[in-house]
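So that you can map any letter, position 384 of the sequence shown is 384 in the UniProt record's numbering, and since no number is skipped, the others follow by simple counting. Ideal Cβ positions, reconstructed from N, Cα and C, are used throughout, including at glycine. Have a look at the structure below, then the notes.
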Amino acid sequence: MITPRFTCSQTAESVVISIYCPSVRAADVEIHVDKTLVSVHINPYFLRLNLSHSLQEDDASSAQYDPGSGYLTITLTKHVHGQHFEDLDLLAKLLAPRPVLPPKQPIIELLDRDEAAEADLSSQTQELAVDDEEQQELLEAARNDWQLPQEVLEPTPLKLTPQCYYGFLDMYSGYFTNVSYTENEVNELGVDAERCTPEDRRPKRILHEDEKWDSEHYMADFAEDEYIQELIKWRHPHTEGPVDPKFAEKENAMMLNLPRKEYLPSQRQTHNLYLTLLTVLFAYAYDSRTTQHDPTPESAWTLCTLVPAFSALDPGPYTSTVWDPSSAFHREEIAAVFIPSYRRSLSFPLYRSFALAQKCRDDVAKFIARGKRTVLKCLLEMKNILDHHEVYYVYSKIWLDDYCVWIQTHASDEMLSRLASAVETTEIQKTSIGWHLDQIEAIVHNIQIERNMDSDDADSDDE
């Protein structure tokens, strides 16, 4: 267990403990108060404090976790209001084990000893004996009432590996420090998420997509596609409603809670933000179409899995074409941006159909063509889903919060219109996906033709 950095303060009624524990699951926090002893456990951190006076947990007590700053703030009520707690700034004293009371005098008198029984007990004890080092540790733990010593780890100024950044405009780091302790099924980089360079992320993502690709699953969905065809025919409300949609009260509250930030991206960074936006909206289009705009408990996983910038921290662009600032969007780079989204929609979620992916791309073009307000509504719906997930909220923090601010303050309706035109006129070839989709579909067609011929022959024999 890791002893986290912390501070303590007090008011007349309570003691406030502020603990730095970034990238943890707030639902896992355990707080125990035993008079002057306070223990806090949130994997992988453990903190035990011995205070000078008693505390209690009541209705006025609280615990709040801010995932943005990584601080857990615990407020505990003083047993005696107005009582002053000494030395809250002496952290080593607070971490020291609680003093153990001296043992009482024995109240049993030994009248006689059986030498044979004593010898037998001595021999059994020798068999169970531990080495000197372990014995010293046990004795030390026993003297401290089995309270193991704690040491706060100081931040290490020297880093042996380069710090890698990710997220919106590469502004974030540290959100995946303790990823091995969370059930993050989306993260494809594992424990290397914090130290994996952008050049290394893309090969890992592509390899993972190839490993998850299942030709039999795709073949089955292509052969039996009645329900998928219904999903394709469904009309999305954000492509059929008013061009200037109104925001609900809940959406207005979400916008008021967005971070107050100013962005100074370069021209190329702005260009790349528009491209990455396509992959984010594709994931939204897929989930909203397959759930018919009624999110399910799996929606958070689906949204994060389908966005390469979330699951592999690998945003666009995905082409080696030299960027030309004098030109807006090339069809080649638009196609390259959608290929990872297509591949992921064909290898991870339940419904795997190239025709469905094509329809989702068509949705993206319509979202963007309708302007910033429609795009913002899509992003706010995604944000609402992820904010209520105990693990995947992290992707809302490092991507969607900033995108919701940027789309309002920096995005241009003219650029969105030009981007929509480029998406509409871009064609995604099955051969670019890399999994021989044409051959698989041809096999299914041949099997269906043979079955129909056999069925016709059987009918003619019956006649």
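Per DSSP, residue i is paired with what?
i, result
"Cys8", "Ile17"
"His41", "Glu30 and Phe46"
"Leu72", "Ile19 and Tyr65"
"Thr177", "Note: Thr177 sits in no beta bridge, so no partner."
"Thr77", "Ser14 and Gln56"
"Tyr166", "Tyr172"
"Ile2", "Tyr45"
With distances taken between CB atoms, is the gap from residue i to residue j smaller than 7 angstroms?
i, j, result
"Lys359", "Ile232", "yes"
"Trp213", "Ser353", "no"
"Leu277", "Cys378", "no"
"Asp314", "Arg201", "yes"
"Tyr65", "Leu72", "yes"
"Pro297", "Gly174", "no"
"Leu28", "Ile42", "For clarity, residue 28 is Asp in the given sequence; the question names Leu instead. Cβ atoms of Asp28 and Ile42: closer than 7 angstroms."
"Glu185", "Ala312", "no"
"Asp89", "Thr77", "no"
"Leu49", "Val33", "no"
"Ser299", "Ile228", "no"
"Val375", "Leu258", "no"
"Val337", "Leu275", "yes"
"Ile398", "Gly190", "no"
"Tyr181", "Pro340", "no"
"Ser345", "Leu306", "yes"
"Thr177", "Glu199", "no"
"Met254", "Leu303", "no"
"Ala335", "Thr431", "no"
"Gly82", "Ala12", "yes"
"Pro317", "Glu333", "yes"
Could you tell me which of the options sits nearest to residue i, measuring between CA atoms?
i, options, result
"Val391", "Glu209, Gln10 and Glu183", "Glu183"
"His436", "Ser341, Glu216 and Ser417", "Glu216"
"Ile19", "Thr11, Ile74 and Ser54", "Ile74"
"Asp87", "Val80, Pro67, Leu51 and Glu57", "Leu51"
"Val444", "Ala96, Ser396 and Met219", "Met219"
"Glu262", "Glu240, His410 and Ser69", "His410"
"Ser266", "Glu199, Ser421, Leu169 and Pro203", "Leu169"
"Glu256", "Ser9, Arg343 and Gln408", "In the sequence on display, residue 256 carries Leu and not Glu. Nearest option by C-alpha distance: Gln408."
"Leu403", "Arg343, Ala309, Ser320 and Arg344", "Here the sequence assigns Tyr to residue 403, which means Leu is not the residue at that position. Residue Ala309 is the option with its Cα nearest to Tyr403."
"Asn446", "Thr270, Ala223, Tyr318 and Ser61", "Ala223"
"Asp362", "Ala283, Tyr318, Glu194 and Thr291", "Ala283"
"Ser9", "Leu94, Gly68 and Phe46", "Leu94"
"Thr291", "Arg331, Leu356 and Ala63", "Leu356"
For the stretch 250–330, list the alpha helix (DSSP H) runs that are entirely contained and at least 4 residues long, ordered along the chain. The DSSP assignment places 267–290, 299–306 and 308–311 as complete runs of the alpha helix (DSSP H) inside the stretch 250–330, in order along the chain (cut-off: 4 residues).
Segment contact flag, the stretch 366–376 with the stretch 416–428, C-beta cutoff 8 angstroms, min 3 pairs: yes
Kindly provide the ranges of any beta strand (DSSP E) runs that are 3 or more residues long and lie completely inside the stretch 343–389, ordered along the chain. none
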